[in-house]
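Be aware that the sequence shown starts at 1205, since it is given in the numbering used here, and climbs by one per residue.
For every residue, glycine included, the Cβ atom is placed at its ideal position computed from N, Cα and C.
Please read these numbers as outputs of a predicted model, since none were measured by experiment.
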Amino acid sequence: MSSFRLIKSWIGNAARQILFESPIGYFYTTAQAGAKPPHTVVGDAAIHTAGPFKIIPVPYFEDNYGYLVVDTEKEEAAIIDPADPAAIMQALRVYAPTASVAAFLTTHKHWDHSGGNAALKQTFPSAKFYGSHVDFTQGPVSYNSFYCIDSPLHGGDRFKVGRMAFTALSTPYHTKGSLVYLFDPALSNPAANMPASVFTGDTLFVGGVGRFFEGTGVDMARIQSLLRAELNPSTLVWPGHEYTHSNLVFAHWINPSSESVKSKLESANNCKASNTPTIPSTVAEEFSHNPFLVVSGSTADSWEIQARIQSTVSHQDREAVESECRQQLQAEGGGDSEELLARAILTGCLRRLKDQFKPPVSSAGLDPKL
Ligand SMILES: [Zn+2]
């Protein structure tokens, strides 16, 4: 890497640590946010109820979502990514006023997911605070006094909150310790007629994925395989941000023939107009319209995305992506296949294109509302 790129990378990392990983960023944003109204209006349509279980999205900050998972028979609740304690407490008062909050599940260390833990630990001293064993022990400063993880998890760990059964899956690329949490109602209560749900933080969004802050195309290519292997297609996807519309504008640009993308984009346009949430989607839908999952397939949509990558990514970016992927695989012992490397390069190049993407203002075929 040239010295210019090294300096640029070092400055980028330092800025990111201050903005996303330190209490400074958290306190600055919460002070700025003040008492703004929620970014979307969560009505009954966005609340998922089946049998005794309810999933309630909690919008907060600019575009984040936390979630209440409530067992209405046992009066117990688990809360995912409670970064805004005021929004979480308000949602509890409205939707689960008599439930006891037994656990907080943090998807990753960034404060817009974990920054409320310290305050909520004061309010709920007997609750467990779950999170990765990795994220909270890395970095120049240990922030765990702020993030309060007291029940560290590894990928594959299973645990129960009351009778609600969760599995943590490790998805290391946005941060090394990123986890997604799979909630399986069938394991929680055999009578529950409800598909599983996965809470994905910044790993998987509707129509997109998180930035590769601490990983590469190799990590993302492995996560494509993990999601396909571990999640039933009917699993509901509950992401950490409302990024659906902008993700689908990019998806439409990279995969203009896709009917799935067009249909989902139309639906996202309607949600944007009515200020309502676009969540949840399903794993099957994501493998149909999300370019970061479609790219590694062998459908006509996959080929269109691959062709668009080949024709638009710069030679310099392509070389940089290939070099970092090869270096990672070599450092790991070089035991993986050429097939993985090919998917990793495609996925890494796709991420570069998304990072550089500026939505077209009025190109032919695009709805001007985009
Ligand atoms: Zn994040």
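Whole-number beta carbon distance between residue 1401 and residue 1439, since they are thought to touch under 8 Å
Within the sequence shown, residue 1439 is the residue found at index 235, counting from 1. Within the sequence shown, residue 1401 is the residue found at index 197, counting from 1. Sure, about 7 Å apart at Cβ, within 8 Å.
Notebook entry, point to check: Which whole-angstrom value describes the C-beta separation of residue 1410 and residue 1480, a residue pair presumed to lie in contact below a C-beta threshold of 8 Å?
Noted result: To locate residue 1410, count along the sequence shown from 1; it is residue 206. To locate residue 1480, count along the sequence shown from 1; it is residue 276. Residue 1410 to residue 1480, Cβ: 13 Å. No contact.
Task: Rounded separation between residue 1257 and residue 1276 - CA only - done: Locating residue 1257 in the sequence shown gives position 53, counting from the first residue. Locating residue 1276 in the sequence shown gives position 72, counting from the first residue. If I take the Cα positions, the gap works out to 6 Å.
Q | For residue 1476, three-class secondary structure by DSSP | A | Here residue 1476 refers to the residue found at position 272 when the sequence shown is read from its first residue. It is helical.
**Prompt:** From which residue to which residue does the beta strand (DSSP E) around residue 1251 run?
**Reply:** One-based indexing of the sequence shown puts residue 1251 at position 47. Segment: none, residue 1251 is in no beta strand (DSSP E) and carries neither H nor E.
query: Which same chain residues, not among the five before or five after residue 1529, have their C-beta less than 7 Å away from its C-beta?
result: Looking up residue 1529 in the sequence shown gives position 325. Closer than 7 Å at Cβ, skipping near neighbours: 1420, 1421, 1422, 1545, 1548, 1549 and 1552.
Check your understanding: Helix or strand or just coil, what does DSSP make of residue 1321?
Key -> Sequence index remark: in the sequence shown, residue 1321 carries index 117 (1-based). It is helical.
Alpha carbon to alpha carbon, how far is residue 1539 from residue 1533? Here residue 1539 is taken as the residue at index 335 of the sequence shown, counted from 1. Here residue 1533 is taken as the residue at index 329 of the sequence shown, counted from 1. Going by the C-alpha atoms only, they are around 7 Å apart.
#### Entry: Cβ contact (3+ pairs, closer than 8 Å) linking the stretch 1227–1236 and the stretch 1310–1325
yes
Report task. Indicate whether the contact test is met: 3 or more Cβ pairs, each with one atom in the stretch 1261–1268 and one in the stretch 1381–1401, closer than 8 Å. Result -> no
- In the DSSP assignment, find the unbroken alpha helix (DSSP H) run with residue 1410 in it and report its ends. Here residue 1410 refers to the residue found at position 206 when the sequence shown is read from its first residue. Per DSSP, residue 1410 belongs to no alpha helix (DSSP H) and is neither H nor E.
ask   = Do you know offhand how far residue 1314's Cα is from residue 1226's?
value = As a working note, residue 1314 is residue 110 in the sequence shown. As a working note, residue 1226 is residue 22 in the sequence shown. For residue 1314 and residue 1226, the distance between alpha carbons rounds to 8 Å.
* Counting along the chain, where does the beta strand (DSSP E) carrying residue 1384 start and finish? -> In the sequence shown, the residue the question calls residue 1384 occupies position 180. Taken as a continuous stretch (DSSP letters only), the beta strand (DSSP E) holding residue 1384 covers 1383–1387.
**Study point:** Between the CA atoms of residue 1554 and residue 1560 - distance to the nearest angstrom
**Key:** In the sequence shown, counting from the first residue as 1, residue 1560 sits at position 356. In the sequence shown, counting from the first residue as 1, residue 1554 sits at position 350. Their backbone Cα atoms lie some 10 Å apart in a straight line.
- Task: Take residue 1194 and list the residues in its own chain whose beta-carbon comes closer than 6 Å to its own, dropping the five residues that flank it on each side.
- Result: Outside the displayed range of the chain (1205 to 1574) lies residue 1194, so it cannot be described from this structure.
### Message
Any heavy atom of ligand 1 inside 8 Å of the beta-carbon of residue 1308?
### Response
Translated into positions along the sequence shown, residue 1308 becomes position 104. Every heavy atom of ligand 1 is 8 Å or more from the Cβ of residue 1308, so no.
With 16 as the cutoff for other CB atoms within 10 Å, does residue 1249 come out buried or exposed? The count along the sequence shown starts at 1 and reaches residue 1249 at position 45. Residue 1249 should be labelled exposed.
Buried or exposed: residue 1490, going by 16 or more other Cβ atoms within 10 Å of its Cβ? By one-based count along the sequence shown, residue 1490 stands at place 286. Buried.
Note to self: If distances are taken between C-alpha atoms only, which option among 1417, 1431 and 1351 comes closest to residue 1288?
What the structure shows: Along the sequence shown, read from residue 1 onward, the residue named residue 1288 stands at position 84. Checked all of 1417, 1431 and 1351; the closest Cα to residue 1288 is 1351.
Exercise. Closer than 5 Å is what we want: which residues have a beta carbon that near any heavy atom of ligand 1? List them in chain order.
Key: 1314 and 1406
Discussion item. Looking at the strands, I want to know which residues DSSP matches up with residue 1445.
Written reply: The count along the sequence shown starts at 1 and reaches residue 1445 at position 241. Residue 1445 is bridged to 1268.
(Q) Measuring alpha carbon to alpha carbon, tell me which residue in 1366, 1356 and 1336 is nearest residue 1389. (A) Working through the sequence shown from its first residue, we reach residue 1389 at position 185. Per the Cα distances, 1366.
Can you give the Cα-Cα distance for residue 1300 and residue 1486, rounded to whole angstroms? In the sequence shown, residue 1300 corresponds to position 96, counting from 1. In the sequence shown, residue 1486 corresponds to position 282, counting from 1. Going from the Cα of residue 1300 to the Cα of residue 1486 covers about 25 Å.
Within the same chain, show all residues whose beta-carbon is closer than 7 Å to that of residue 1513, passing over the 5 residues directly before and after it, in chain order. For the purposes of this step, residue 1513 is identified with residue 309 of the sequence shown, where counting begins at 1. Same-chain partners within the cutoff: 1550, 1553, 1554 and 1557.
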